[in-house]
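Numbers given in the working numbering equal positions in the sequence shown, counted from 1, plus 34. Worksheet for the structure shown next.
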Amino acid sequence: MRPHQKLDLWRRAIEFVVSVYKTTERFPKEEKFGLTSQVRRAAVSIAANIAEGAARTSTKEFLQFLSISQGSASEADTELVIARELGYLTTNEYEHFGRDLDDIGRMITRLSQSLRRR
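This is the structure:
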């Protein structure tokens with residue numbers, strides 16, 4: 035098993051990506067290269083940076099990738115707010131994504147704190 039696959043955080047981020055992909059399938063076609071693409075890329079970036087960081091040999095590098103992942107989570111949240119404001123998401127869907135991102139953010143913070151204590 036690769037190092038990142040052992041992380042609950044990475045698995046949670048993958049679940050978020052899948053949920054984003056499924057939900058954005060019904061966004062308007064004219065958003066295919068706009069908001070749909072942007073929010074999907076941000077979601078993928080969360081998981082991808084966790085994986086890339088876990089593969090690095092230094093704690094400092096891993097922490098940097100976790101920081102990037104946290105930034106991608108904020109980017110995804112902003113794009114989901116826009117989707118809600120445009121009527122592409124219901125308030126309930128947005129709130130569900132918000133809870134997901136809150137969970138992921140807390141998990142990133144806990145892992146970062148744990149790594150700093152090493």
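Even glycine gets a Cβ: it sits at the ideal position worked out from N, Cα and C. These figures come from a predicted structure and were not determined experimentally.
Q. Alpha carbon to alpha carbon, what distance is there between R36 and S53?
A. Indexing the sequence shown from 1 puts residue 53 at position 19. Indexing the sequence shown from 1 puts residue 36 at position 2. Going by the C-alpha atoms only, they are around 23 Å apart.
Q) With distances taken between CB atoms, is the gap from A76 to A47 smaller than 8 Å? A) Start at 1 with the first residue of the sequence shown, and residue 76 comes out as number 42. Start at 1 with the first residue of the sequence shown, and residue 47 comes out as number 13. No, these two residues do not count as a Cβ contact at 8 Å.
Q | Residues near F131 by beta carbon distance below 6 Å, same chain, minus five either side | A | On the sequence shown, residue 131 is found 97 positions in, with the first residue counted as 1. If the five residues before and after F131 are omitted, its C-beta is found closer than 6 Å to the C-beta atoms of L114, all from its own chain and listed in chain order.
Q: Provide the residue span of the alpha helix (DSSP H) that contains Q72, from first to last.
A: To locate residue 72, count along the sequence shown from 1; it is residue 38. Where Q72 is concerned, the enclosing alpha helix (DSSP H) stretches over L69 to A89.
Q. Would a C-beta distance cut-off of 8 Å place A107 and L149 closer than the cut-off?
A. By 1-based counting over the sequence shown, the position of residue 107 is 73. By 1-based counting over the sequence shown, the position of residue 149 is 115. Against a cut-off of 8 Å, the Cβ pair of L149 and A107 comes out as no contact.
Q: Using the Cα positions of P62 and A117, report the straight-line distance between them to the nearest angstrom.
A: As a first step, residue 62 is located in the sequence shown; it is residue number 28 there, counting from the start. As a first step, residue 117 is located in the sequence shown; it is residue number 83 there, counting from the start. Going by the C-alpha atoms only, they are around 11 Å apart.
Q: Might you give, ordered along the chain, the residues of its own chain that have their beta carbon closer than 6 Å to the beta carbon of Q72, omitting 5 neighbours on each side?
A: Position 38 of the sequence shown, counted from the start, is the residue given in the question as residue 72. Hits under 6 Å: E113.
(Q) Taking a contact to mean a Cβ-Cβ separation below 8 Å, would you say L41 touches L100 in this structure? (A) To locate residue 41, count along the sequence shown from 1; it is residue 7. To locate residue 100, count along the sequence shown from 1; it is residue 66. The answer is no: Cβ separation not under 8 Å.
Q. Where do the ends of the alpha helix (DSSP H) carrying R46 lie?
A. Along the sequence shown, read from residue 1 onward, the residue named residue 46 stands at position 12. Taken as a continuous stretch (DSSP letters only), the alpha helix (DSSP H) holding R46 covers D42 to T58.
**Q.** Alpha-carbon to alpha-carbon, E109 and G87
**A.** For the purposes of this step, residue 87 is taken as residue 53 along the sequence shown, with counting starting at 1. For the purposes of this step, residue 109 is taken as residue 75 along the sequence shown, with counting starting at 1. If you take the alpha carbons of G87 and E109, they lie about 19 Å apart.
Q. Whose CA, out of R151, T124 and L120, lies closest to the CA of E64?
A. Along the sequence shown, one-based indexing puts residue 64 at 30. Among R151, T124 and L120, the Cα nearest to that of E64 is on L120.
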